[in-house]
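Trainee: One structure is given below, represented as structure tokens, and several questions about it will come after.
In our numbering, the protein residues as written are 3 to 634.
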């Protein structure tokens with residue numbers, strides 16, 4: 003297949019990159035904007051395979067020529083970004099954060115940042131939100147694909163076209179099946195790691211090898227392109243952070259992208275003409291630089307003002323497009339057009355640039371640590387932001403399931419069964435329920451504290467989430483409560499205002515089986531980890547109050563009012579910590595929370611002691627007035 007320029011593919015890049023940028027700006031407009039990366043994977047697989055099939059000469063020379071093209075396409079803008087991000091990190095972040103950024107850059111230089119981020123957190127978990135290099139995980143996935151796939155193409159040159167297509171089909175199907183299998187067991191692995199993403203790139207390769215037959219008539223091409231855009235639009239508009247992804251959920255945007263590409267091969271469609279319009283083409287041309295620059299710009303701006311309004315979002319979008327345009331015009335284009343060096347020299351200089359950039363960011367990290375050391379007191383506070391102890395506190399992987407667990411990991415005997423010698427209190431919900439268990443277990447020695455919790459899993463009758471959440475809640479509501487009948491059920495979650503009506507409905511349903519139910523409200527939240535804010539307050543006298551999320555108080559008030567009208571006992575977590583003034587420390591040097599909102603062990607005990615009287619009042623079956631008094 004001879005590779006020809008296709009303006010509609012540049013337009014398709016626009017369809018891919020803009021939803022990603024808007025999603026990262028934190029708007030509800032494109033709640034599934036993250037699928038833009040999947041569209042890029044399909045496009046990359048198609049174009050790269052076309053390039054590989056067009057390479058001539060011995061396989062060694064052809065491989066070098068291929069990597070020469072990749073180096074000139076990817077390295078210049080990426081390395082400029084690395085240096086700018088590292089300089090900004092040293093200027094705006096604490097020195098330990100600058101060191102973290104340096105490690106991320108090194109991982110990205112070596113094309114393993116996806117593996118690094120997989121070991122640290124899930125994409126939607128929030129722990130990595132402040133890392134300006136988080137988005138480079140997708141570049142590492144592509145580069146890993148570029149390592150093994152060219153070898154597969156070149157070593158099968160002697161094969162017939164049919165056999166080669168069958169091989170790519172087998173690779174695609176195997177990776178897809180693995181992705182669907184893994185997403186139910188470890189969603190983070192399915193999201194970040196190359197074995198479970200290969201099928202998306204290979205889908206583009208199938209198009210390039212002619213393994214998928216194209217339309218034979220104009221109307222078929224027109225219809226296919228429209229359906230493709232509709233599939234992409236549906237995923238962008240209706241997916242959200244709670245969507246189980248990737249796996250089968252990645253099929254609509256990937257098939258949509260494949261249809262647009264396929265129907266534009268030999269046919270000029272209305273969709274293709276729209277995608278080829280100059281504005282669409284322009285954004286597509288700068289899409290690589292736009293993808294590179296938008297996330298660091300957003301992350302560093304949030305260091306100044308974390309509460310983005312729509313005017314600020316529009317300004318950040320404009321700044322990202324401006325930075326991308328400059329990068330494309332003065333970095334990307336000049337390097338891509340230069341052709342004086344032979345392939346071996348370009349690849350060698352690319353490797354030297356990798357080494358030089360790596361040494362540069364390490365030197366900047368060391369310099370930042372020397373110029374801006376962290377005091378011992380601040381470092382002690384920061385230690386509470388580390389993950390040490392969280393697993394034991396929440397009983398992660400046993401009684402609290404994360405995206406890396408499956409339902410079979412849940413230990414029913416340990417988490418949900420207890421003798422009848424003491425009242426049994428069952429805590430149900432997401433991570434904002436799991437962080438209560440430690441404190442309640444110590445604040446209520448005269449009771450058995452049981453636990454049914456999973457990340458992102460709200461204890462609602464019509465909850466949304468992945469299968470482990472839905473199955474756990476279904477078993478709880480339809481089987482466990484009727485069979486075991488605990489004395490008190492505590493519902494706790496990271497409630498939103500839209501959850502308020504469903505909470506009352508859920509409690510009414512539970513009360514048909516269990517008489518005593520206590521709803522625990524949303525906890526105070528911050529725009530970043532509280533230990534980080536407190537450490538900056540210690541070393542830089544930065545105020546804390548401006549980092550508090552104001553909408554939590556509104557949700558707490560709405561939920562409290564709704565529960566009062568429904569005569570449902572309610573414990574205000576927000577009131578417990580923020581009346582009359584928000585509490586930051588349990589004891590000197592020990593923060594209440596270890597991240598944006600989850601309690602430390604000491605904080606869990608602090609809150610549980612305040613909650614204990616409400617739990618005991620509910621277990622004793624006191625009147626609504628007495629229960630309400632106990633919760634305040």
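A virtual CB, placed ideally from N, CA and C, is assigned to each residue, including glycine.
Just so you know, these numbers come straight off a predicted model, no measurement behind them.
(1) Could you give the DSSP three-state label for residue 161: helix, strand or coil?
(2) Between residue 291 and residue 176, what straight-line distance do the alpha-carbon atoms span, to the nearest angstrom?
(3) Are the beta-carbon atoms belonging to residue 561 and residue 572 less than 8 Å from one another?
(4) State the CB to CB distance for the pair residue 329 and residue 30, rounded to an integer number of angstroms; the pair is presumed to be in contact (CB under 8 Å).
(5) Quick one: using the 10 Å Cβ neighbour count with 16 as the cut-off for buried, is residue 102 buried or exposed?
(6) Have a look at residue 311 and residue 317 and give me their C-alpha separation to the nearest angstrom.
(7) Within this structure, are the beta carbons of residue 436 and residue 455 separated by less than 8 Å?
(8) In this structure, how does DSSP classify residue 379 when only helix, strand and coil are distinguished?
(9) For residue 512, which three-state DSSP category applies?
(10) Does DSSP classify residue 455 as helix, strand or coil?
(11) If you follow the alpha helix (DSSP H) that residue 519 is in, where does it begin and where does it stop?
(12) If you count every other CB in all the chains shown that lies within 10 Å of the CB of residue 155, and 16 or more means buried, which is it?
(13) Between 506, 143 and 545, which lies nearest to residue 569 when the distance is taken from Cα to Cα?
(14) My output table needs one value for residue 594: the three-state DSSP class, helix, strand or coil.
(15) Quick test of the definition: if touching needs 3 or more C-beta pairs under 8 Å, does the stretch 130-148 touch the stretch 31-50?
(16) Whose C-alpha, out of 525, 582, 602 and 581, is nearest the C-alpha of residue 591?
(17) In chain order, what residues of the same chain lie with their CB nearer than 6 Å to the CB of residue 256, ignoring the 5 residues before and after it?
(18) Does the structure place the stretch 7-19 close enough to the stretch 276-284 that three or more beta carbon pairs sit under 8 Å?
(19) Taking 8 Å as the threshold (C-beta atoms), are residue 247 and residue 178 in contact?
(20) Looking only at its own chain, which residues have a Cβ that is under 8 Å from the Cβ of residue 295, when we skip the five neighbours before and after it?
(21) Looking at the structure shown, is residue 194 part of a helix, part of a strand, or coil, going by DSSP?
(22) Does the distance from the C-beta atom of residue 475 to that of residue 439 stay below 8 Å?
(23) Would you mind stating whether residue 489 and residue 567 have Cβ atoms separated by less than 8 Å?
(24) Cα-Cα, which of 213, 152 and 184 is closest to residue 167?
(25) Quick one: is residue 7 buried, meaning 16 or more other Cβ sit within 10 Å of its Cβ, or exposed?
(26) Three or more C-beta pairs closer than 8 Å, one from the stretch 464-473 and one from the stretch 182-197: is that the case here?
(27) Shortest alpha-carbon distance to residue 238 belongs to which of 581, 38 and 451?
(28) Smallest Cα separation from residue 266: which of 25, 224 and 305?
(29) Looking at the unbroken alpha helix (DSSP H) that takes in residue 236, where does it start and where does it end?
(30) Hey, could you find the ends of the alpha helix (DSSP H) residue 308 is sitting in?
(31) Residue 345 to residue 69, Cα distance in whole Å?
(32) Answer yes or no: do residue 73 and residue 363 have a C-beta to C-beta separation smaller than 8 Å?
(33) Is the distance from the Cβ of residue 163 to the Cβ of residue 51 below 8 Å?
(34) With H, G and I counted as helix, E and B as strand and the rest as coil, what does DSSP make of residue 570?
Mentor: Well, looking at it:
(1) If you number the chain shown from 1, residue 161 lands on position 159. DSSP places residue 161 in coil when its eight states are reduced to three.
(2) The residue you call residue 291 lines up with position 289 of the chain shown. The residue you call residue 176 lines up with position 174 of the chain shown. Cα to Cα, residue 291 sits roughly 32 Å from residue 176.
(3) Residue numbering aside, residue 561 sits at position 559 when the chain shown is read from its first letter. Residue numbering aside, residue 572 sits at position 570 when the chain shown is read from its first letter. A contact, by the Cβ cut-off of 8 Å.
(4) The residue labelled residue 329 in the question sits at position 327 within the chain shown. The residue labelled residue 30 in the question sits at position 28 within the chain shown. Going by Cβ atoms, the distance from residue 329 to residue 30 rounds to 29 Å, so no, they are not a contact pair.
(5) Against the chain shown, residue 102 aligns to sequence position 100. Looking at its Cβ environment, which holds 16 or more other Cβ atoms inside 10 Å, residue 102 is buried.
(6) Residue numbering aside, residue 311 sits at position 309 when the chain shown is read from its first letter. Residue numbering aside, residue 317 sits at position 315 when the chain shown is read from its first letter. If I take the Cα positions, the gap works out to 10 Å.
(7) Numbered from 1 along the chain shown, position 434 holds the residue referred to as residue 436. Numbered from 1 along the chain shown, position 453 holds the residue referred to as residue 455. A contact, by the Cβ cut-off of 8 Å.
(8) Walking along the chain shown from the start, residue 379 turns up at place 377. Residue state, collapsed to three classes: helix.
(9) Counting from 1 along the chain shown, the entry for residue 512 is found at position 510. If DSSP states are grouped into helix, strand and coil, residue 512 belongs with the helices.
(10) If you number the chain shown from 1, residue 455 lands on position 453. DSSP places residue 455 in strand when its eight states are reduced to three.
(11) Taking the chain shown and counting its residues from 1, the one referred to as residue 519 is at position 517. Counting along the chain, residue 519 falls outside any alpha helix (DSSP H), though it belongs to the beta strand (DSSP E) covering 519-522.
(12) Working through the chain shown from its first residue, we reach residue 155 at position 153. It counts as buried.
(13) Locating residue 569 in the chain shown gives position 567, where the first residue counts as 1. Selected option, being the one with the closest Cα: 506.
(14) Here residue 594 corresponds to residue number 592 of the chain shown, with the count starting at 1. Here residue 594 sits in coil by DSSP.
(15) yes
(16) For the purposes of this step, residue 591 is identified with residue 589 of the chain shown, where counting begins at 1. Answer by Cα proximity: 602.
(17) As a first step, residue 256 must be located in the chain shown, where it is residue number 254. 40, 44, 202 and 205, listed in sequence order.
(18) In short, these stretches touch, since the Cβ pair count reaches three.
(19) Along the chain shown, one-based indexing puts residue 178 at 176. Along the chain shown, one-based indexing puts residue 247 at 245. No, the pair does not count as a contact, with Cβ atoms beyond the cut-off.
(20) In the chain shown, the residue the question calls residue 295 occupies position 293. Here the set comprises 83, 322, 325, 326 and 329.
(21) On the chain shown, position 192 is the one that residue 194 refers to. Three-state result, residue 194: helix.
(22) Along the chain shown, read from residue 1 onward, the residue named residue 475 stands at position 473. Along the chain shown, read from residue 1 onward, the residue named residue 439 stands at position 437. Not in contact: residue 475 and residue 439 (Cβ atoms no closer than 8 Å).
(23) Translated into the one-based positions of the chain shown, residue 489 becomes position 487. Translated into the one-based positions of the chain shown, residue 567 becomes position 565. No, the Cβ-Cβ distance between residue 489 and residue 567 is not below 8 Å.
(24) Here residue 167 refers to the residue found at position 165 when the chain shown is read from its first residue. With distances taken between Cα atoms, residue 167 lies closest to 213.
(25) One-based indexing of the chain shown puts residue 7 at position 5. It counts as exposed.
(26) yes
(27) Numbered from 1 along the chain shown, position 236 holds the residue referred to as residue 238. Closest by alpha carbon: 38.
(28) Within the chain shown, residue 266 is the residue found at index 264, counting from 1. Answer by Cα proximity: 224.
(29) As a working note, residue 236 is residue 234 in the chain shown. That run of the alpha helix (DSSP H) goes 220-240.
(30) Position 306 of the chain shown, counting from 1, holds the residue named residue 308. No residue range can be given for residue 308, since it is assigned to no alpha helix (DSSP H) and is classified by DSSP as neither H nor E.
(31) Position 343 of the chain shown holds residue 345. Position 67 of the chain shown holds residue 69. Residue 345 and residue 69 have their alpha carbons spaced roughly 8 Å apart.
(32) As a position in the chain shown, residue 73 is number 71, starting the count at 1. As a position in the chain shown, residue 363 is number 361, starting the count at 1. Result no, Cβ atoms of residue 73 and residue 363 do not sit closer than 8 Å.
(33) Here residue 163 refers to the residue found at position 161 when the chain shown is read from its first residue. Here residue 51 refers to the residue found at position 49 when the chain shown is read from its first residue. No, they are not a contact pair.
(34) For the purposes of this step, residue 570 is taken as residue 568 along the chain shown, with counting starting at 1. Of the three classes helix, strand and coil, the one that applies to residue 570 here is coil, per DSSP.
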